[in-house]
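Residue numbers (the working numbering): -19 to 329.
Here is the structure we will look at, set down as C-alpha cells.
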C-alpha cells in the first residue's frame, strides 16, 4: 500500500517526519518499561495474565462479552470472516475495503469467500445492500456476511455515519446475515464522532481493533465478540499459526496504549487538518480530513513523493493519482511546520 520506499533504505535520508502510515510509530519509553515489566505465561495454554487483562479491557471498552488477541489486523479480520462464512459464500464490503484490497487475497485463499463491494467513499447504504442480496436459489452464491470499516482507510479515514451504519445493520439483520466491523482505527472514529467505542461496536457480531496504528503499540490486534465465538476464533488462530507463547510482553504495550494514547488521538486529527491546509497552499487537491489520514493529489504524485523524500518528508503512494500522509504519535511538536517549510522550498526550486 505504501510503496515510495520499497526496496530502499532510509540511511541516506535526513528524516524530518515520516507520514507514510501510523504503523511507523515506535514504543514510548513508558511503553517499553511496561513491556519489560510485564507478567507473562503461556498464552496458547491460556496462562498469560497480561494477555488476559488486555482481552478483558478491550471487551469491556467495546461492550462485548469476551475478546481474543491476534498478532496482526489481517489475521484478526480474516479469522472473523472465516468464522462467519463457508467456502463459496459471498461477503459484502465497501468499495476499497481493507479486508479485500490490502489483505493479500486472504478471503479467497484461506476461506474460499468472494467479497463483493458496494458504494463509494467507504460506505454503502441500506438500499444498495438490499439490491444485491440474492434470492434463496441454488443458482446464486449465498451472501452470509456484511463487513464494514470504521474509520475507512481507502476513503481517507472517514468516519462511518451512524445513520448509514444503522440502515445497513437493519437490512443485514432482516436477512439473517452476520456483521463484522473492521475497527482497526475504531478509537479514531470514537474521538472524531464523540461516541463511545462500545456504541460504535454494539451492532456487530465481531469487531477487530488494532493496537499498532494510532495507539502506538508495536504489534497486535484484538477481536471482541461473545464467549461462544471466541472458542471458534481460538481454533482458527491456532490453525493459522497465530497462537503466541509469552505474548504478555506485547499485550502490556496494548494495555499501556489504551490507558495513555486514546484521548491524544485528537492531536493527530488536529495535525491532519493543519497538514491538509498546508498541502492546499502548495497547490494539492486535498479533501478535509475527518481523522488522521490525509489523501491528496499533487499535479505529479510520483515526482512530489520523490522530491518530498529528498527533503526528509516521507509520504505514501496510495494509488496512481493520490498520495497519503498519516499523522500519529511520533509526529514531534513543530515537525509538521518544518516539513511544510521544506516542501514550500521544493515548490520554489
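Just so it is clear, CB atoms sit at the ideal spot from N, CA and C, and this is done for glycine as well.
A buried status is given to residue 276, since no fewer than 16 other beta-carbon atoms sit within 10 Å of its beta-carbon. Residue range 158 to 163 is occupied by the beta strand (DSSP E) that includes residue 163, with no alpha helix (DSSP H) assigned at that position. In this structure, residue 204 lies near residue 39, with their beta-carbon atoms less than 9 Å apart. Three or more Cβ pairs closer than 8 Å define a contact, and the segment 97 to 114 falls short of that threshold against the segment 37 to 57. With contacts defined as CB atoms closer than 9 Å, residue 242 and residue 195 qualify as a contacting pair.
Looking at the backbone, the Cα of residue 67 and that of residue 121 are separated by about 10 Å.
Residue 73 is classed as buried because its beta carbon has at least 16 other beta carbons within 10 Å across all chains shown.
The closest CA to that of residue 13, considering only 234, 177, 78, 155, is found on 234.
Under the DSSP assignment, residue 303 falls in the beta strand (DSSP E) whose first and last residues are 303 to 306. Looking at the DSSP output, residue 129 sits in a beta bridge with 162. About 5 Å separates the Cβ atoms of residue 189 and residue 166, confirming a contact at the 8 Å cut-off.
For residue 273, the enclosing beta strand (DSSP E) stretches over residues 273 to 276.
Shown here for residue 315: same chain residues with a beta carbon closer than 8 Å to its own, the five before and five after excluded, namely -4, -3 in chain order. Rounded to the nearest whole angstrom, the C-alpha separation of residue 256 and residue 267 is 8 Å.
Cβ-Cβ separation between residue 56 and residue 192: approximately 11 Å, too far for a contact (criterion under 8 Å).
The beta carbon of residue 77 sits closer than 6 Å to those of 129, all from its chain and outside the five residues before and after it, given in chain order.
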